[in-house]
Amino acid sequence: MENSFLKVLLIICFICFSSAAENISEILNDECLRCICMGTSFCNTTFKCTSYGDEGSKPACGPFQITEPYWEEAGKPGGDFISCVTSMNCSKTAMTTNMAVSARDCDGDDKVTCSDIARIHMAGAKGCHEPWVTLHLFWEIFEDCNTEAGTEPPQDFAETRALLRGN
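Going letter by letter, the sequence shown gives residues -21 to -1, 1 to 146 in mature numbering (1 follows the signal peptide of the UniProt record, and there is no 0).
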């Protein structure tokens, strides 16, 4: 009886994860990825690593500025951290894999959208709702791209842009 229950539970989990993975692929499409990439590094594929964290001890690398723990959570695609995160295709795989697990509504609109994925990419799943995310230069570049791409309905970000520009 217990064994049957576990089998049913595993099947339900598999179905839920498969559904989430399909859904995230729809949200994290090429346009969304391009806009996140633009906000992160202007999609500079020659961009190697920058440092952040305590005394610059943690590198973030590649066009999406992916960290080694992030890459490891994605299952270490490509087999080598630097090779993967400096490859556009491999870094997209790492992002899609992570977001299939981490995606959530960050802005309170009861939907998971490309903007939510961008917030998670910038601040992590636990910090994606924080107001500072939309005051960062990443966000301005992402939003300009995302609105032009038509992956989200246009919103009024004039106040945020004015703050960023010091107006």
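For each residue, glycine too, the CB sits at the ideal point set by N, CA and C.
- Secondary structure of S70 (DSSP, three-state): helix.
- Between M78 and I96, the beta carbon gap of about 6 Å places them in contact (Cβ cut-off 8 Å).
- One Cα belongs to T75, the other to G54, and the distance between them is close to 11 Å.
- Under DSSP, Y31 shares a beta bridge with K37.
- Judged by DSSP in its simplified three-state form, T46 adopts strand.
- Residue nearest to R83 within the set H108, S62 and I61 is H108 (criterion: CA-CA distance).
- In the three-state reduction of the DSSP assignment, P110 falls in the helix class.
- In this structure, V80 is the residue among V80, T113, P110 and E122 with its C-alpha nearest to the C-alpha of N2.
- Note on geometry: alpha-carbon atoms of L7 and F26 lie some 22 Å from one another.
- In the three-state reduction of the DSSP assignment, N125 falls in the helix class.
- Take V112, set aside five residues on each side of it, and the residues of its chain with a beta-carbon closer than 7 Å to its own are R98, M101, A102 and W118, in chain order.
- Shortest Cα-Cα distance from S62 to any of E5, C14, F121 and T24 involves T24.
- Around the beta carbon of E122, 16 or more other beta carbons sit within 10 angstroms, so the residue counts as buried.
- Taking a contact as a CB-CB distance under 8 Å, the pair A39 and C28 counts as one, their CB atoms being some 7 Å apart.
- CA-CA distance, P48 to D89, rounds to 29 Å.
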